[in-house]
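See below for the structure under consideration.
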Amino acid sequence: MLKEIFAIISNDTSATEEADKAVETATLVNVAAVMAEGTATPAGEAAATTEVTAAPVETATAEEIAAAEAGTSTGEPTGRIIYTCQVDNTFGHDQICMINADGTGFRQLTNDLLHQHLSPSWGPDGNSFVFIGSHSGSPKIYEMDLEGNMHMVGDIEGDLYSPMFSPDGLRIIFTRYVSDTEQYISVMNRDGSNLLDLVAYYNNKDAVWSEDGSKVLFTSREDGKAGIYYMNAGGTTIQKVDELSGLDGRPDWSVDYTIATYSGTKDAHDREIVLMEVGKAPVTITSGGDNLSPSFSPDGQWITFMSYRDHYWESDGCEIYIMRKDGTDIRRLTENTYCDYQPRWGN
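Residue numbers (this note's numbering): 34 to 380.
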């Protein structure tokens with residue numbers, strides 16, 4: 034079924050393609066190779082780091098030995114997950130909350146029911162985050178630290194969505210909607226200066242930086258079908274990775290360029306988390322419960338996501354979960370009567 038749902042795009046560029054869009058199709062293997070080229074951690078080096086001297090067999094547990102042979106981690110999840118929390122089941126009252134990866138340390142970070150807060154994303158130092166706020170009457174980007182100090186970033190035209198800090202913390206990438214014919218993936222300095230529109234296809238959104246900040250992953254309906262694309266941080270050399278039925282949310286990629294996204298439809302409540310890895314067919318790692326919005330842990334070994342699995346078909350039944358990268362060891366982090374969604378994992 035996966036081969037029917039996902040068509041890995043060949044690397045032959047159509048002769049009739051519009052040159053000004055500079056979009057090339059590529060196999061997932063070739064896409065990953067291009068993404069890794071020139072980065073701080075090339076694919077070859079990443080592979081080499083796995084060839085370390087193992088502890089003597091007599092000192093390792095059976096679980097550790099099995100995990101080593103399978104290439105998985107037995108470590109417990111660390112870091113913090115930031116997300117949108119609806120707090121009182123009222124539309125428009127969405128706030129920003131966080132929780133530790135082990136389910137402890139819940140904290141509501143914003144507390145202003147007069148204004149909606151959405152789409153949080155951690156800064157690289159873990160001391161501040163960016164999000165979308167309605168304070169000015171339309172969606173704009175705000176930065177807030179853990180002490181509660183908050184300010185709007187820049188004075189940018191349009192409705193702004195899905196902001197994310199660059200890995201060095203100097204820039205913010207986001208979706209900018211000006212009109213039905215003007216929708217961009219845009220980037221600006223952290224202080225709101227030097228706005229640059231990178232791409233202007235129809236329905237571009239949900240941009241995500243690569244680990245080293247050299248590439249950007251995003252979704253688009255440039256050719257009328259929902260697809261995952263990536264480009265260089267300057268907006269050049271745009272590559273189409275794949276098309277995906279029911280794609281309607283921010284994807285993510287791990288330190289090894291594994292892509293996490295989801296497939297399915299909201300009305301059917303059948304959305305599933307899907308991984309696409311180098312040289313492998315796409316794999317669905319959830320089974321039932323309506324799952325979406327995946328985000329990798331900083332080490333790439335875990336995924337946080339939202340799901341309705343414990344309150345299936347209930348409008349306020351979405352909660353935050355984590356699981357290992359292979360889809361096992363699913364753990365529920367939140368337990369509320371309201372909806373928790375849009376999780377993003379940080380240190």
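Ideal Cβ placement from N, Cα and C applies to all residues, glycine included.
Since the structure is predicted, the reported quantities are computational estimates derived from the model, not experimental observations.
Is it right to say residue i is buried, meaning 16 or more other beta carbons lie within 10 angstroms of its own, or is it exposed?
{"i": "K258", "result": "exposed"}
{"i": "E176", "result": "buried"}
{"i": "L193", "result": "buried"}
{"i": "E324", "result": "For the record, residue 324 in the displayed sequence is Asn; it is not Glu. With 16 or more Cβ atoms within 10 Å of its Cβ, N324 is classed as buried."}
{"i": "D285", "result": "buried"}
{"i": "T319", "result": "buried"}
Using a Cβ-Cβ cut-off of 6 Å (strictly less than) and excluding sequence neighbours within five positions of residue i, which residues of its own chain qualify?
{"i": "E215", "result": "none"}
{"i": "V67", "result": "The pLDDT assigned to V67 is 43, lower than 50, so where the model puts this residue is not dependable, and the model offers no usable value."}
{"i": "Q149", "result": "G125, D127 and S167"}
{"i": "T367", "result": "E352, I353 and D373"}
{"i": "G279", "result": "S296, G297 and T298"}
{"i": "Y217", "result": "R209, D230 and A233"}
{"i": "M185", "result": "K173 and Y175"}
Among residues of its own chain, excluding the 5 on either side of residue i, which ones have a beta-carbon nearer than 8 Å to its beta-carbon?
{"i": "D349", "result": "Q119, N122, T370, Y371 and C372"}
{"i": "L179", "result": "L142, N160 and S161"}
{"i": "P376", "result": "I114, I115, Y116, S326, S328, T337, F338, M339 and I353"}
{"i": "I132", "result": "R113, I114, Y116, G138, F139, R140, I353, L366 and T367"}
{"i": "N227", "result": "M221"}
When the Cα atoms are used, what is the spatial distance from residue i to residue j?
{"i": "S212", "j": "L229", "result": "17 Å"}
{"i": "V85", "j": "W346", "result": "Because the pLDDT at V85 is just 29, under 50, the model does not fix this residue reliably, and the value given afterwards should be weighed accordingly. Rounded to whole angstroms, V85 to W346 spans 47 Å at the Cα level."}
{"i": "E305", "j": "K313", "result": "18 Å"}
{"i": "R364", "j": "G136", "result": "9 Å"}
{"i": "E244", "j": "H344", "result": "34 Å"}
{"i": "G297", "j": "D303", "result": "5 Å"}
{"i": "Y263", "j": "K358", "result": "22 Å"}
{"i": "M309", "j": "I355", "result": "18 Å"}
{"i": "A240", "j": "T294", "result": "13 Å"}
{"i": "M183", "j": "R223", "result": "13 Å"}
{"i": "S154", "j": "I261", "result": "20 Å"}
{"i": "S287", "j": "P157", "result": "15 Å"}
{"i": "G181", "j": "I165", "result": "15 Å"}
{"i": "S253", "j": "V316", "result": "21 Å"}
{"i": "E109", "j": "D362", "result": "11 Å"}
{"i": "D289", "j": "L151", "result": "28 Å"}
{"i": "N237", "j": "F139", "result": "33 Å"}
{"i": "V274", "j": "R283", "result": "15 Å"}
{"i": "L231", "j": "T208", "result": "10 Å"}
{"i": "G202", "j": "G225", "result": "13 Å"}
{"i": "R204", "j": "K173", "result": "16 Å"}
{"i": "V64", "j": "G268", "result": "Its pLDDT being 41, under 50, V64 is placed unreliably in this model, and the coordinates cannot settle the point."}
{"i": "T72", "j": "L146", "result": "Below a pLDDT of 50, predicted positions are generally treated as unreliable, and T72, at 37, falls in that range; the measurement from the model is reported next regardless. Their backbone Cα atoms lie some 43 Å apart in a straight line."}
{"i": "V307", "j": "G170", "result": "36 Å"}
{"i": "V220", "j": "R342", "result": "36 Å"}
{"i": "F251", "j": "I292", "result": "11 Å"}
{"i": "G12", "j": "E276", "result": "Beyond the ends of the chain as shown, which are 34 and 380, falls residue 12; an answer cannot be given."}
{"i": "L360", "j": "S195", "result": "Looking at the sequence provided, one finds Gly at residue 360 rather than Leu. Computed Cα separation, rounded: 26 Å."}
From which residue to which residue does the beta strand (DSSP E) around residue i run?
{"i": "T208", "result": "R204 to S212"}
{"i": "D188", "result": "Run containing D188: none; DSSP gives neither H nor E here."}
{"i": "Q128", "result": "Q128 to N133"}
{"i": "A240", "result": "K238 to W242"}
{"i": "S278", "result": "Unbroken run through S278: none, as it is neither H nor E."}
{"i": "F261", "result": "In the sequence as presented, Phe is not what sits at residue 261; that position holds Ile. Taken as a continuous stretch (DSSP letters only), the beta strand (DSSP E) holding I261 covers G260 to N265."}
{"i": "T117", "result": "R113 to C118"}
{"i": "Y175", "result": "K173 to D178"}
{"i": "F124", "result": "No beta strand (DSSP E) contains F124, which DSSP labels as neither H nor E."}
{"i": "L250", "result": "K248 to S253"}
{"i": "Q375", "result": "D373 to G379"}
{"i": "T337", "result": "W335 to S340"}
{"i": "V220", "result": "E215 to N222"}
{"i": "A293", "result": "I292 to S296"}
{"i": "E305", "result": "E305 to M309"}
{"i": "I363", "result": "From DSSP, I363 is part of no beta strand (DSSP E); its letter is neither H nor E."}
{"i": "V232", "result": "L229 to V232"}
{"i": "N324", "result": "N324 to F329"}
{"i": "P196", "result": "D192 to F198"}
{"i": "Y354", "result": "E352 to R357"}
Ignore the nearest five residues each way along the sequence and tell me which others in residue i's own chain have a CB closer than 7 Å to its CB.
{"i": "G112", "result": "A134, S330, P331, W378, G379 and N380"}
{"i": "W242", "result": "M197, S199, P200, I206 and V249"}
{"i": "N144", "result": "Q128"}
{"i": "A266", "result": "G246, S247, K248 and V249"}
{"i": "E190", "result": "V211"}
* Tell me the start and end of each unbroken alpha helix (DSSP H) in the segment 130–171 that is at least 4 residues and wholly inside, in chain order. => With a minimum length of 4 residues, no continuous alpha helix (DSSP H) run stays inside the segment 130–171.
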